[in-house]
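As given, the protein sequences belong to chains A and B, one line each in that order. According to my numbering, the first sequence holds residues 7 to 416 in order. According to my numbering, the second sequence holds residues 7 to 416 in order. Every residue gets a Cβ at the ideal spot worked out from N, C-alpha and C, and that includes glycine. What you are looking at is a predicted structure, and each value in this text was computed from that prediction instead of being measured. Here's the structure we're looking at; comments come further down.
Number of protein chains: 2
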Amino acid sequence: MTYQDQLSPDQGSQILLDFPWTYDLEEIHIKQGLGRILAEDVVARIDVPSFDKSPYDGYALKAENTKGASKDQPIAFEIIEEIPAGAFPKKALGDFQAAKILTGSALPQGANCIIKFEATDFTEREVFIKEEVTANSNVVTKGESMKKGQLLLEKGSRLDSPSLGVLASQGIEKISVYKKPKLGFFLSGSELKEVGQDLEPGQIYDSNHLTFVSIFKTMGFDVKSYGLVPDDFDQIVALTQRAVDECDLVVTTGGASVGDYDYSSRAVEILGGQILFTRTAMKPGGSLVASRLKDKTVLNLSGNPASAILGLFRVCLPYLKKLLGYKDLYCPSFQAILKEPMKKKSPRIRILRGNLEYAGGKVYFVEKSGQGNGVLSSFVDCQVFAEVPAGTAYMEAGDLIKVYLVDQLF
Amino acid sequence: MTYQDQLSPDQGSQILLDFPWTYDLEEIHIKQGLGRILAEDVVARIDVPSFDKSPYDGYALKAENTKGASKDQPIAFEIIEEIPAGAFPKKALGDFQAAKILTGSALPQGANCIIKFEATDFTEREVFIKEEVTANSNVVTKGESMKKGQLLLEKGSRLDSPSLGVLASQGIEKISVYKKPKLGFFLSGSELKEVGQDLEPGQIYDSNHLTFVSIFKTMGFDVKSYGLVPDDFDQIVALTQRAVDECDLVVTTGGASVGDYDYSSRAVEILGGQILFTRTAMKPGGSLVASRLKDKTVLNLSGNPASAILGLFRVCLPYLKKLLGYKDLYCPSFQAILKEPMKKKSPRIRILRGNLEYAGGKVYFVEKSGQGNGVLSSFVDCQVFAEVPAGTAYMEAGDLIKVYLVDQLF
Numbered sequence: 007m008t009y010q011d012q013l014s015p016d017q018g019s020q021i022l023l024d025f026p027w028t029y030d031l032e033e034i035h036i037k038q039g040l041g042r043i044l045a046e047d048v049v050a051r052i053d054v055p056s057f058d059k060s061p062y063d064g065y066a067l068k069a070e071n072t073k074g075a076s077k078d079q080p081i082a083f084e085i086i087e088e089i090p091a092g093a094f095p096k097k098a099l100g101d102f103q104a105a106k107i108l109t110g111s112a113l114p115q116g117a118n119c120i121i122k123f124e125a126t127d128f129t130e131r132e133v134f135i136k137e138e139v140t141a142n143s144n145v146v147t148k149g150e151s152m153k154k155g156q157l158l159l160e161k162g163s164r165l166d167s168p169s170l171g172v173l174a175s176q177g178i179e180k181i182s183v184y185k186k187p188k189l190g191f192f193l194s195g196s197e198l199k200e201v202g203q204d205l206e207p208g209q210i211y212d213s214n215h216l217t218f219v220s221i222f223k224t225m226g227f228d229v230k231s232y233g234l235v236p237d238d239f240d241q242i243v244a245l246t247q248r249a250v251d252e253c254d255l256v257v258t259t260g261g262a263s264v265g266d267y268d269y270s271s272r273a274v275e276i277l278g279g280q281i282l283f284t285r286t287a288m289k290p291g292g293s294l295v296a297s298r299l300k301d302k303t304v305l306n307l308s309g310n311p312a313s314a315i316l317g318l319f320r321v322c323l324p325y326l327k328k329l330l331g332y333k334d335l336y337c338p339s340f341q342a343i344l345k346e347p348m349k350k351k352s353p354r355i356r357i358l359r360g361n362l363e364y365a366g367g368k369v370y371f372v373e374k375s376g377q378g379n380g381v382l383s384s385f386v387d388c389q390v391f392a393e394v395p396a397g398t399a400y401m402e403a404g405d406l407i408k409v410y411l412v413d414q415l416f
Numbered sequence: 007m008t009y010q011d012q013l014s015p016d017q018g019s020q021i022l023l024d025f026p027w028t029y030d031l032e033e034i035h036i037k038q039g040l041g042r043i044l045a046e047d048v049v050a051r052i053d054v055p056s057f058d059k060s061p062y063d064g065y066a067l068k069a070e071n072t073k074g075a076s077k078d079q080p081i082a083f084e085i086i087e088e089i090p091a092g093a094f095p096k097k098a099l100g101d102f103q104a105a106k107i108l109t110g111s112a113l114p115q116g117a118n119c120i121i122k123f124e125a126t127d128f129t130e131r132e133v134f135i136k137e138e139v140t141a142n143s144n145v146v147t148k149g150e151s152m153k154k155g156q157l158l159l160e161k162g163s164r165l166d167s168p169s170l171g172v173l174a175s176q177g178i179e180k181i182s183v184y185k186k187p188k189l190g191f192f193l194s195g196s197e198l199k200e201v202g203q204d205l206e207p208g209q210i211y212d213s214n215h216l217t218f219v220s221i222f223k224t225m226g227f228d229v230k231s232y233g234l235v236p237d238d239f240d241q242i243v244a245l246t247q248r249a250v251d252e253c254d255l256v257v258t259t260g261g262a263s264v265g266d267y268d269y270s271s272r273a274v275e276i277l278g279g280q281i282l283f284t285r286t287a288m289k290p291g292g293s294l295v296a297s298r299l300k301d302k303t304v305l306n307l308s309g310n311p312a313s314a315i316l317g318l319f320r321v322c323l324p325y326l327k328k329l330l331g332y333k334d335l336y337c338p339s340f341q342a343i344l345k346e347p348m349k350k351k352s353p354r355i356r357i358l359r360g361n362l363e364y365a366g367g368k369v370y371f372v373e374k375s376g377q378g379n380g381v382l383s384s385f386v387d388c389q390v391f392a393e394v395p396a397g398t399a400y401m402e403a404g405d406l407i408k409v410y411l412v413d414q415l416f
C-alpha cells in the first residue's frame, strides 16, 4: 500500500469520532472545579450587582438638584442617612437630601448619582456640592456585570479561575461536570529501562511513560498506568485485555521493535477486536493503530516519542476531546508566515514543531531544531505544530503555513 | 496627588523586585515534577541514543558492499546474527555479511546502514539486496536526540510533559526544584457573602476568594486561605499579623468599602510595617497597596475583581514570578493590530481584556465586551491584555497595540 492509498489524518479522526460515547456526569462543589469541563450551560440566576451601587465613598443624591452648583455657589444638601458597607438604605431621598454612602453600598431610593467625598465640603448634617452632575454619574447599575438570564458559561467549556469566580458571584455552589474518562496506558519495548535502573549495552531509558501520563493528565483524563512490559506477545495480550476491562479507553506506545502493527493489532485481533486503521498519511506519526475491542477504543502509538505525540495530536485529539466533553474538539489554528524556507519534500502531510514570532502585527512560524521521529526535546516549550500540506515540494520564506496552537497540551 | 505624580506600574514592579528573596529548594522525583520550576540547569549525562541504532526491522550491513546491486542483479549477504530488541550485537560484520536487526536495536560493529525487510529477499541464511545504498542510510546515530554535555533544560524553566520525558530519557530520577512559596490570602468586605448563604438586601456574593486562590495555585504557589472577614479594623489587623507570621507573602482583596488605602495600610502601619506605594498610574487596577512587614511583602488589591486582577498582573506579576523561581519574569508580549478603533481617552495606562484573531499572517487584537472595574466574566477565556499607553487620546483601527499573552495565568 502506498501512502496515496492511506487514510488521511482527518479520515482517521472521523472514523474515531463516529463511535458513540456515553457521558457520565458528576456534581461537584465549585471549589473542586478548576480545569473541569462543564456539562451544563450556566445562566445568570441573579443580576450582578443586584442593586444600583456606589463605586466610591461619597454622597448619593438627585442629579437634577445640582443644577447651577459651582465652586463659588455650592448647593447644600441635608444628610439624612449614613449607609455602611453591606447595609441597605432605610430612607428614600427627597429634593436636596443626600445619603452618605460607602463603596459597594446600595443607592437609596430617589438617588441617581454619587459625588465623591473629596469633591465636596461637608459637616455632620450638610454636604455642599460644587459642580453640576448628570444622572447616573458614578453609579454601578444593577445588572452591569451580569444580567439575570444571560448565558455566562457554555456547556463543554473548561473551567478556568475567572469562570469559578463567575459561578461564585451567582451564589452557585454545585455544578455538573463530565466525569473524567479512565484512560489505561502501557508501553512495551524490551530495549527500554526505567529511571533508577542501570543500562545494559543496547538499552535506552524510556521517556514515553512519564511524557504520556503527564499529557493525558493535563488533558483531563483519569490515567491508570500499567507501566512497561517487554516485547512479549502473551504479556501484551494479557495487558490489553486487562486494560480494556478496567478502563474506558486504552492507549499504548511501542512494541515498535517487533513492528508496531504486528503485536498491537494481533493482540487486539486475538482478543476478538476489530482493527480500524493501521496508519495514516502523515509524517512523523503515520504509524498508529486504532482498533475497537469490547466497544472500547484502543490506540497503539509508535514507540518513537515524536511519532507518538504527533500521531496522537493530529489523528486522535478531536476524539479525546470529545470523550472529555469539550465543545471545541480542534486545537485553535491559523495561518502564520514561514520565517525560513522549508526545503524538505512532503509527499504526505508533514508536521513541524516550532514557535511563533511576532513583529509589527505579523506572526511568523519558526521551526525548532530537532524534527526527527525520535527527538523529544523539541517538544519542550513548543508553542505550535505547523502542517505542510501533502504534495508540497518546497515552501519559500514568506509563504503562509497552517499552525496549531498546542502549548496547552503539555 | 494627580496621576502624573503617581508611580508608573513599571516603577511599582521594580520596587517589589528590588527586595531580596531567599530561595528554598527541594529534591523531588521526576514523577512529581509536572508544573514545578527547575532550580538547576540540566545537562545531558549520556548520548541519546547511546549507540547507533536501527529505526526499522531490517538488515545491517556495509553500504559499500551494495555497489552494483539491482533488482536484476541482487547481491547476496550471509546472515551471521539476529539481534533481538534490547540485546547488543555479539559479532562484528565482515564484507558481504549481514545481521538481522529489529527496530531500536544497536548496529553491529562494521555495519553502517540498514535495509528494511520489505526491500529485500531473504532465506534463513542469506539476504539479497536489490539496490545500492549509501553509508549511514536508515541509521539513527549515537547522540542524534541528545548529545552528552548539551544543555537540555534551563534553571528557572517550568517542567512540562516533554521536559519530564527528557529527564527520564537521561535516567535522571531526582531533580532540584524551587519550593513553592507559601502565599497567605484573605479578603474583606462586610457586603460579601459566600456561596451557600442567603443574600440580605445590599449584599453580594463574593467572587474574589475562589478566583484568586485558583490563580495563585495555577501560578505555582502553596496557597493558604484565611477566608472572608468583615470590614472590621481589629479583625483585619489580627489577620494581617497572623498571615505574615505564617506565610512567605500575603495578598488580600477588598476592604474597598472603607477605602482600600485606609484599612490595609493602617493595619500594616499599626503592626510596624512600611507602605511602599498605594497606587500606580494605570486603569483599572491603579489602587494597589504594596507594603513590607517583618521583611515580608503584603499586597492589598482592590475589591473590584477586574481592578484586582489587572493590578496584580501589571504591577506584581514579575515579582511573583521571581519568588516562584521563573527565569522569565515577564509575560510574552508583542504588537498586534487593533481591530476596532479605541475611542476612550487614556490619560493613564489602560489595560483592555481581549482575544487575538489571525488572518493571512497578521494578528489582530479584539477587545472583549465588559471592560468595567467590576466585570469578571470578560476574563473567562481571555487570551491577552492589551496596553494603551498613558496619554493616548484615540487609537485607529489598524494601529499597533502591545498585548501580553496571559491565558496561562488562569
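- By the rule that beta-carbons nearer than 8 Å mark a contact, Asp212(A) touches chain B.
- If one requires a minimum length of 4 residues, the alpha helix (DSSP H) runs lying completely within the stretch 154-201 of chain B are 167-175, in chain order.
- Taking all protein chains shown into account, Asp237(B) has 16 or more neighbouring C-beta atoms within 10 Å of its C-beta and is therefore buried.
- No Cβ of chain A is located within less than 8 Å of the beta carbon of Phe191(B).
- Residue Lys136(B) holds the alpha-carbon nearest to the alpha-carbon of Asp78(B) among Lys136(B), Lys230(B), Lys333(B), Tyr65(B).
- The alpha carbon of Asp63(B) has as its nearest neighbour, out of Cys119(B), Ala98(B), Ile21(B), the alpha carbon of Cys119(B).
- Taking a Cβ-Cβ cut-off of 8 Å, Ser352(B) has no neighbours in chain A, whose nearest Cβ is about 19 Å from it.
- Spatial neighbours of Leu330(A) in its own chain (CB-CB distance under 8 Å, excluding positions within 5 residues in sequence) are listed in chain order as Ile43, Tyr184, Lys186, Pro187, Met225, Gly226, Phe227.
- With a cutoff of 8 Å on beta-carbon distance, Val304(B) and Thr217(B) are scored as not near each other.
- If the five residues before and after Gly149(B) are omitted, its C-beta is found closer than 6 Å to the C-beta atoms of Asp53, all from its own chain and listed in chain order.
- In the structure shown, Tyr364(A) falls within a strand segment according to DSSP collapsed to helix, strand and coil.
- Taken through DSSP and simplified to helix, strand or coil, Asp212(B) comes out as coil.
- Within the stretch 142-167 of chain A, the residues whose Cβ lies closer than 8 Å to some Cβ of chain B are Val146, Glu150, Ser151, Met152, Leu158, Leu159, Ser163, Asp166, Ser167, listed in chain order.
- In the three-state DSSP reduction, Thr303(A) falls in the strand class (E or B).
- Residue state for Ser231(B) is assigned as strand, using DSSP reduced to three classes.
- Pairing Ile242(B) with Pro290(B) gives a Cβ-Cβ distance that is not under 8 Å.
- Within 8 Å of the CB of Ile242(A), no CB atom of chain B is found; the nearest one sits about 13 Å away.
- For Ala105(A), the three-state secondary structure derived from DSSP is strand.
- Of the candidates Lys161(A), Glu70(A), Phe83(A), Ala105(A), Glu70(A) places its Cα closest to the Cα of Val139(A).
- Sequence-distant Cβ neighbours of Lys223(A) in its own chain, meaning closer than 6 Å and more than five residues away, are Val229.
- Cβ neighbours of Ser375(B) within its own chain (closer than 8 Å, five residues either side excluded): Ser384.
- Relative to the Cα of Tyr29(B), the nearest Cα in the group Ile281(B), Thr258(B), Lys161(B) belongs to Lys161(B).
- When the five nearest sequence neighbours on each side are left out, the beta carbons in the same chain lying within less than 8 Å of the beta carbon of Gln341(B) are those of Leu406, Ile407, Lys408, Val409, in order along the chain.
- Exclusion of the five residues before and after Lys368(B) leaves Ile343 as the residues of its chain whose Cβ lies within less than 8 Å of its Cβ.
- Counting along the chain, no beta strand (DSSP E) covers Thr246(B); the unbroken alpha helix (DSSP H) around it starts and ends at 239-252.
- For Asp237(B), the chain A residues whose C-beta falls within less than 7 Å of its own C-beta are Ala91, listed in chain order.
- At least one CB atom of chain B sits nearer than 8 Å to the CB of Ile221(A).
- Residue-level contact check: Tyr184(B) does not touch chain A, since none of the beta carbons of chain A fall below 8 Å from its beta carbon.
- The CB of Ile21(B) never comes closer than 7 Å to any CB in chain A; the least such distance is about 26 Å.
- Going by DSSP, Ser339(A) is part of the beta strand (DSSP E) stretching over 339-344.
- Here the alpha carbons of Glu252(A) and Ala296(B) stand approximately 53 Å from one another.
- In the DSSP assignment, Asp24(B) falls outside any alpha helix (DSSP H) and carries neither an H nor an E.
- For Asp16(A), no pairing in a beta bridge is given by DSSP.
- The beta carbon of Leu158(B) sits closer than 6 Å to those of Val48, Ala50, Val172, all from its chain and outside the five residues before and after it, given in chain order.
- For Gln341(A), the nearest CB of chain B lies under 8 Å from its own CB, placing it at the interface with that chain.
- Residue environment analysis places Ser167(A) among the buried positions, since at least 16 neighbouring C-beta atoms fall within 10 angstroms of its C-beta.
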